[in-house]
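Now the structure itself:
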């Protein structure tokens, strides 16, 4: 008799040869019974040796239910949906290919859903692991672009309009199917362009079904951030991708929804200038301009520039 798979971890990967093994190793080191979870690695057109590393790791840990497959249609939404469609667990956990899960990660997730039967979705804390160290210009408001996420000190339900980040999110498989998975019109990174917001759209649709989405600060992954890759070009791609995704999402609702989003972004840009002034007066001028640049780049994406 086959063991019951309680949770399926889906990891989408693209050119992460340097970090994917550590992500997989963190799942091997879980305190959770290895017979109760599976890991599905979806390779999304990597051009480095990510595939070879993954296949070797899986062969070396054959006692674990680790699987590898390819998704040729570029974009995280496509890859995540492909992995989820093969999952056998009653819970779906999405984790990044450069993240490292705490040893009790899966155990806490399953325990949470077993004790919170009203939970439709769950998000956890994401702690940046800066290599070699956090840059002086990084601030709370910009850190979200590199995956930093710490919503609350306590277990709580996300307020309306708030949601987990995709690199540490869990949902009941039945609910994932009910909302049709990730929106393929918001694919994530495609080539040199990002069309983001797939997680936001995902959880908005889940909330529209009346599902409660919780945050648990003890469900933790550490996300690798290579500081030398945080170039202006990279930060623009991430920030503008947020705006570009919002453009697609709200225009699918109505033209008026887009106009309201433009007004909202105007207010956010104004707030960024105020924050920049505060950082300067507090003696942290290095943090000032990146806050403004974030909102400018996001606005450009919203205008499809």
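In this note's numbering, the protein residues as written are 1 to 305. For each residue, glycine too, the CB sits at the ideal point set by N, CA and C. These figures come from a predicted structure and were not determined experimentally.
Span separating the alpha-carbon of residue i from that of residue j
i	j	result
residue 59	residue 131	29 Å
residue 87	residue 152	30 Å
residue 127	residue 115	25 Å
residue 56	residue 171	29 Å
residue 240	residue 304	8 Å
residue 201	residue 61	36 Å
residue 90	residue 276	45 Å
residue 27	residue 167	15 Å
residue 208	residue 160	10 Å
residue 156	residue 216	7 Å
residue 180	residue 100	28 Å
residue 251	residue 63	48 Å
residue 35	residue 185	36 Å
residue 265	residue 5	44 Å
residue 274	residue 51	46 Å
residue 25	residue 282	42 Å
residue 107	residue 262	42 Å
With 16 other Cβ atoms within 10 Å as the buried cut-off, status of residue i
i	result
residue 140	exposed
residue 255	exposed
residue 193	exposed
residue 12	buried
residue 29	exposed
residue 72	exposed
residue 290	buried
residue 191	exposed
residue 253	exposed
residue 122	buried
residue 142	buried
residue 232	exposed
residue 32	buried
residue 92	buried
residue 49	exposed
residue 285	exposed
residue 268	exposed
residue 246	buried
residue 69	exposed
Nearest neighbour of residue i, chosen from the options [CA to CA]
i	options	result
residue 175	14, 154 and 206	206
residue 136	279, 199, 237 and 154	279
residue 77	42, 120 and 22	42
residue 47	18, 260 and 121	18
residue 96	21, 290, 65 and 138	21
residue 214	258, 162, 62 and 242	162
residue 67	23, 121, 10 and 123	10
residue 189	238, 183 and 27	238
residue 8	94, 160 and 275	94
residue 44	31, 32 and 83	83
residue 112	143, 219 and 232	219
residue 118	211, 16, 297 and 80	211
residue 223	173, 264, 39 and 147	147
residue 234	257, 187 and 145	145
Assigned secondary structure, residue i (DSSP; H/G/I helix, E/B strand, else coil)
i	result
residue 174	helix
residue 98	coil
residue 64	coil
residue 235	helix
residue 263	helix
residue 212	strand
residue 40	strand
residue 135	coil
residue 23	helix
residue 228	helix
residue 165	coil
residue 85	helix
residue 15	coil
residue 303	coil
residue 50	helix
residue 4	coil
residue 278	helix
Cross-strand partners of residue i (DSSP beta bridge)
i	result
residue 93	9 and 170
residue 194	189
residue 223	99 and 128
residue 157	214
residue 149	126
residue 121	171 and 213
residue 251	Partner(s): none; residue 251 has no beta bridge.
residue 69	42
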